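**Student:** The structure follows.
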Amino acid sequence: MFKFKKKSMLVLILLITSLFVVGCLDSKGKKIDKLKEEASSLISNNKLDEAISKYDEILAIDNDPNILMNKMRLNSTNILTMEILTIR
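Going by this note's numbering, the residue at position 21 of the sequence shown is 1114; the numbering climbs one at a time, nothing skipped.
If you want it as structure tokens, here you go:
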């Protein structure tokens, strides 16, 4: 009887922990999605420095190589734009 209670308690603790982890991951995913939308909007409005900051926020949450690559591309575009404007 005691073993059954102990196993039941362990299963309950694991279930609660699993639900907590899934909830945290879902919240993290929603925040990342929101930041990606904000970055896209900023890029559309040619606010590249602010978009790069949004990518930095995403990378602080999740070190996704795709986001890092997008940030590097955006940074390169920003540098090229600045150089073209300086030449004119």
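Every residue, glycine too, gets a C-beta built ideally from N, C-alpha and C.
Source: prediction; values computed, not measured.
What do you get for Lys1164, buried or exposed, if any count of 16 or more other CB atoms within 10 angstroms of its CB means buried?
**Tutor:** The residue is buried, with at least 16 neighbouring Cβ atoms inside 10 Å.
**Student:** Distance, Cα to Cα, Ile1160 vs Ser1111?
**Tutor:** So the two alpha carbons sit approximately 27 Å from each other.
**Student:** Using CA atoms only, rank isn't needed, just tell me which of Leu1107, Lys1099, Gly1122, Ala1144 is closest to Thr1170.
**Tutor:** Residue Ala1144 is the option with its Cα nearest to Thr1170.
**Student:** Over what stretch of residues does the alpha helix (DSSP H) that includes Asp1142 continue unbroken?
**Tutor:** Counting along the chain, the alpha helix (DSSP H) containing Asp1142 begins and ends at 1141–1154.
**Student:** Please classify Ala1153 as buried or exposed, where buried requires at least 16 neighbouring CB atoms within 10 angstroms.
**Tutor:** Looking at its Cβ environment, which holds fewer than 16 other Cβ atoms inside 10 Å, Ala1153 is exposed.
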